[in-house]
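Novice: Residue numbers (this note's numbering): 189 to 595.
For every residue, glycine included, the Cβ atom is placed at its ideal position computed from N, Cα and C.
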Amino acid sequence: MRFNQKNKGIVFILLIVLIVVAMTVVIAVSLKDDPINSRRQSDPVIKTLVLIEDEDKQLLFTDVLIYYPETAKGALVGVPGYTADIYRTLNRIDRIDMVYKEKGPEVYKEAVGRLLGLTGETAIPFYITIKLNDFCELTDLLSGFEVFVPDPVDVVSDNSERWLLPSGSVNLDGDKIRTYVTYQIPDENDAAVQERRQNAVIAFFTSLKRFRQTVFTKENFPLYSKRISSNVKDKDLFELLDLISQVDTERFETFTVSGVKQKTADEKELLMPYRNGDFIKDVVKKAANSITSPTGSANSRNYVLDILNGTEIKGLARNTRILLQHAGYDILDHGNAKDIPIAKTYIIDHIGNKEQALSIGSFIHCYTVEQEEASEDQKQVSKTDFTLVLGTDFDGRWVQGQSPENQ
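1. Going by DSSP, which residues form a beta bridge with Phe443?
2. Below 8 angstroms between beta carbons: does that hold for Thr452 and Leu459?
3. Considering only the beta carbon of each residue, do Ile528 and Thr499 sit closer than 8 angstroms?
4. Of the residues Thr572, Lys571, Ala531, which one's Cα is nearest the Cα of Thr556?
5. Using C-beta distances below 8 angstroms, list every residue in its chain close to Phe309, excluding the 5 sequence neighbours before and after it, in chain order.
6. Hey, how far is the Cα of Ala486 from the Cα of Ser413?
7. Note the first and the last residue of the continuous beta strand (DSSP E) segment covering Phe399.
8. Measure how close the beta-carbons of Ile312 and Gly301 come, nearest whole angstrom, since I'm counting them as under 8 angstroms.
9. Can you tell me whether Pro592 is helix, strand or coil according to DSSP?
10. Would Arg283 be called buried (16 or more neighbouring beta carbons within 10 Å of its own) or exposed?
11. Quick one: what does DSSP say Gln559 is sitting in, helix, strand or coil?
12. Can you list, in chain order, the residues of its chain with a C-beta nearer than 8 angstroms to that of Phe426? Leave out the 5 residues immediately preceding and following it.
13. Can you check whether the CB of Thr327 is closer than 8 angstroms to the CB of Ile365?
14. Exposed or buried, what is Gly292 when buried is set at 16 or more other beta-carbons lying within 10 Å of its beta-carbon?
15. Which of the three DSSP states is assigned to Lys406 in this structure?
16. Here's the rule: buried if 16 or more other CB atoms are within 10 angstroms of the residue's CB, otherwise exposed. What is Gln588?
17. With a cut-off of 8 angstroms on the beta carbons, I'd call Phe440 and Ile390 a contact; round off their distance for me.
18. Can you look up Ala272 in the DSSP assignment and give me helix, strand or coil?
19. If contacts are defined as beta-carbon pairs under 8 angstroms, then Thr533 and Phe467 qualify, I think. What distance do you get, rounded to the angstrom?
20. Excluding sequence positions up to five away, which residues of its chain have a Cβ less than 8 angstroms from the Cβ of Phe443?
21. Quick one: what does DSSP say Pro354 is sitting in, helix, strand or coil?
22. Relative to the C-alpha of Thr367, which candidate in Asp378, Arg350, Ser357, Gln401 has its C-alpha closest?
23. For a quick check, are the C-beta atoms of Gln382 and Pro268 less than 8 angstroms apart?
24. Using 8 angstroms as the threshold, is the C-beta distance between Pro354 and Val337 below it?
25. For Glu241, count neighbouring C-beta atoms within 10 Å of its own C-beta (all shown protein chains included) and say buried if the count is 16 or more, exposed if not.
26. Considering Cα atoms alone, identify which of Asp251, Leu352, Gly362 is closest to Tyr371.
27. Under 8 angstroms between the Cβ atoms of Asp573 and Tyr491?
28. If you follow the beta strand (DSSP E) that Phe333 is part of, which residue opens it and which one closes it?
29. Can you tell me which of the three DSSP states His522 falls into?
30. Just to confirm my understanding: we take Ile479, look at its own chain, exclude 5 residues before and 5 after, and list those with CB closer than 8 angstroms. What are they?
31. With burial defined as no fewer than 16 other Cβ atoms inside 10 Å of the residue's Cβ, what is the status of Gln450: buried or exposed?
32. By Cβ distance below 7 angstroms, which residues in the same chain neighbour His553 in space, the five residues on each side in sequence not counted?
33. Who pairs with Phe249 in a beta bridge, going by DSSP?
34. Would you tell me roughly how many angstroms separate the C-alpha atoms of Ile178 and Gly579, rounded to the nearest one?
35. So the alpha helix (DSSP H) Lys502 belongs to, where does it begin and stop?
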């Protein structure tokens, strides 16, 4: 009898072990078959490379969507095609879109990730590619994309094509969207073109959200998905786009890789990212922190800054203005401080919001805030929320010697 009971106990333990092993296998297989949820377990921030190709299958523009479903906040980072770097896959310094042309979207995705500091566990796992013709057809399927055109457009291109767009907040059909993302008027800077193209991508996500109940059904989704290529299967693309379509497009943060244009020996124009690429990595990190914070601003309020140079370094305020503008801050003006030199960088808080002042200052490691004594009437009429006064402890990117613990 004792022998039988002992065997029964062993059998029972073996059954438990087998059940645990079986459940582990089932979970592993299910996660492998569900890359979206599998990825969310290791990194809850969804990152997707959005690629738009022209008619010649060349990359027209690139955006990286960074989206946090828990807060519904998102950021869009534009990557100009002529951004330069030493690309290991090409073994040379070249435009980043040449990686796409020569090596394809998967390798290109990795190159963009390195450029933006999204590697390892925070790497970009997904991409979607849409040909321009398909993007226009998606526009029509989604009843047009609503964008804002500040001034009417009436331009004739070099190949005698006439570009016409009305001004104001307009709903553009597929043909007009083609014009919107491809035209470039004389003397228009690259930033304006990049902004338009980002607006078109945001309009796409906005329309997906608007028609979500129609698009994301088993019957209708193939009509849209056949116009989109991706590195995930159709059922996973359904899940990915359905998840992305819930983003709050009213609170989108938009950024772009910025830098200095340089020409190579063979007259090729390249964009050299600021501070050897460290700046855009900081911007992306800041954006990710903002959208994952339940109390983060994420464009809920546009704070306005002035910048004053309290050092003898010429152009420091202007360069800092560029730095902060590309990080998404609204800079009203810049100039020189009255008293020079000033040893310690600090922020003047004009509106009584020290928390926000410290949040802004953290981008350059400035944690000294002075409160301006102002009446409520003065606060209401003031055009500037904060003034950043640069001291000799600021090296052009970081304030040296300050820390939040010392405040």
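Specialist: Taking the definition as stated:
1. For this step, residue 443 is matched to residue 255 along the sequence shown. Paired residue(s): Val265.
2. In the sequence shown, counting from the first residue as 1, residue 452 sits at position 264. In the sequence shown, counting from the first residue as 1, residue 459 sits at position 271. No; because the gap between Cβ atoms is not below 8 angstroms, this pair is not in contact.
3. Locating residue 528 in the sequence shown gives position 340, counting from the first residue. Locating residue 499 in the sequence shown gives position 311, counting from the first residue. Closer than 8 angstroms, so yes.
4. Working through the sequence shown from its first residue, we reach residue 556 at position 368. Of the candidates Thr572, Lys571, Ala531, the one whose C-alpha sits nearest the C-alpha of Thr556 is Ala531.
5. Here residue 309 refers to the residue found at position 121 of the sequence shown. Reading the sequence as shown, one finds Glu at residue 309 and not Phe. Closer than 8 angstroms at the Cβ level, and outside the excluded window around Glu309, lie Ser230, Asp231.
6. In the sequence shown, the residue the question calls residue 486 occupies position 298. In the sequence shown, the residue the question calls residue 413 occupies position 225. Here the model assigns Ala486 a pLDDT of 44, short of 50, so the residue's position is not dependable, and the following value carries that caveat. Distance between the alpha carbons of Ala486 and Ser413 is about 30 angstroms.
7. The sequence position of residue 399 within the sequence shown is 211, counting from 1. Following the DSSP letters along the chain, one finds Phe399 in no beta strand (DSSP E), marked with neither H nor E.
8. Position 124 of the sequence shown, counted from the start, is the residue given in the question as residue 312. Position 113 of the sequence shown, counted from the start, is the residue given in the question as residue 301. Indeed, because the Cβ distance is near 5 angstroms, the residues count as touching under 8 angstroms.
9. For the purposes of this step, residue 592 is taken as residue 404 along the sequence shown, with counting starting at 1. Secondary structure of Pro592 (DSSP, three-state): helix.
10. Reading the sequence shown from its first residue, position 95 is the one you call residue 283. By the neighbour-count rule (16 or more Cβ atoms within 10 Å), Arg283 is buried.
11. Taking the sequence shown and counting its residues from 1, the one referred to as residue 559 is at position 371. In this structure, Gln559 counts as strand in the three-state DSSP scheme.
12. Walking along the sequence shown from the start, residue 426 turns up at place 238. If we look at Phe426 and ignore the five residues flanking it on each side, its Cβ neighbours are Phe404, Phe409, Ser413.
13. As a working mapping, residue 365 is identified with position 177 in the sequence shown. As a working mapping, residue 327 is identified with position 139 in the sequence shown. Contact annotation: Ile365 and Thr327 have beta-carbon atoms nearer than 8 angstroms.
14. Looking up residue 292 in the sequence shown gives position 104. It counts as exposed.
15. Stepping through the sequence shown from its first residue, residue 406 is reached at position 218. Under the three-state reduction of DSSP, Lys406 is assigned to coil, being neither helix nor strand.
16. As a first step, residue 588 must be located in the sequence shown, where it is residue number 400. With a 10 Å radius around the Cβ and a threshold of 16 neighbouring Cβ atoms, Gln588 comes out exposed.
17. As a working mapping, residue 440 is identified with position 252 in the sequence shown. As a working mapping, residue 390 is identified with position 202 in the sequence shown. The pair is a contact, with the Cβ atoms about 6 angstroms apart (cut-off 8 angstroms).
18. In the sequence shown, residue 272 corresponds to position 84, counting from 1. Ala272 falls in the strand class under three-state DSSP.
19. Stepping through the sequence shown from its first residue, residue 533 is reached at position 345. Stepping through the sequence shown from its first residue, residue 467 is reached at position 279. Contact doesn't hold; Cβ gap of about 18 angstroms is too wide.
20. Here residue 443 refers to the residue found at position 255 of the sequence shown. Cβ contact annotation for Phe443 (same chain, cutoff 8 angstroms, sequence separation greater than five): Ala263, Leu264, Val265, Gly266, Ile468, Val471, Val472, Ala475, His514, Ala515, Gly516, in chain order.
21. As a working mapping, residue 354 is identified with position 166 in the sequence shown. It is coil, neither helix nor strand.
22. On the sequence shown, residue 367 is found 179 positions in, with the first residue counted as 1. Residue Arg350 holds the alpha-carbon nearest to the alpha-carbon of Thr367 among Asp378, Arg350, Ser357, Gln401.
23. Counted from its first residue, the sequence shown places residue 382 at position 194. Counted from its first residue, the sequence shown places residue 268 at position 80. A contact, by the Cβ cut-off of 8 angstroms.
24. In the sequence shown, counting from the first residue as 1, residue 354 sits at position 166. In the sequence shown, counting from the first residue as 1, residue 337 sits at position 149. Going by beta carbons, Pro354 and Val337 fall inside the 8 angstroms limit.
25. Here residue 241 refers to the residue found at position 53 of the sequence shown. Glu241 should be labelled buried.
26. The residue given as residue 371 occupies position 183 in the sequence shown. The shortest Cα separation from Tyr371 among Asp251, Leu352, Gly362 belongs to Leu352.
27. On the sequence shown, residue 573 is found 385 positions in, with the first residue counted as 1. On the sequence shown, residue 491 is found 303 positions in, with the first residue counted as 1. Yes, Cβ-Cβ distance for Asp573 and Tyr491 is below 8 angstroms.
28. Counted from its first residue, the sequence shown places residue 333 at position 145. 333-337 is the extent of the beta strand (DSSP E) around Phe333.
29. The residue given as residue 522 occupies position 334 in the sequence shown. The answer is strand: DSSP assigns His522 an E or B state.
30. Along the sequence shown, one-based indexing puts residue 479 at 291. Once the five neighbours on either side are set aside, the close Cβ partners of Ile479 are Val233, Ile254, Tyr255, Tyr256, Thr259, Lys261, Gly262, Ala263, Glu441, Ala486.
31. Counting from one through the sequence shown, the residue named residue 450 turns up at place 262. An exposed status is given to Gln450, since fewer than 16 other beta-carbon atoms sit within 10 Å of its beta-carbon.
32. On the sequence shown, residue 553 is found 365 positions in, with the first residue counted as 1. The residues are Trp586, Val587, Gln590.
33. Your numbering for residue 249 matches position 61 in the sequence shown. DSSP lists Ile240 as the bridge partner or partners of Phe249.
34. The first residue shown for the chain is 189 and the last is 595, placing residue 178 beyond what the model contains.
35. Taking the sequence shown and counting its residues from 1, the one referred to as residue 502 is at position 314. Element bounds for Lys502: n/a, residue is neither H nor E.
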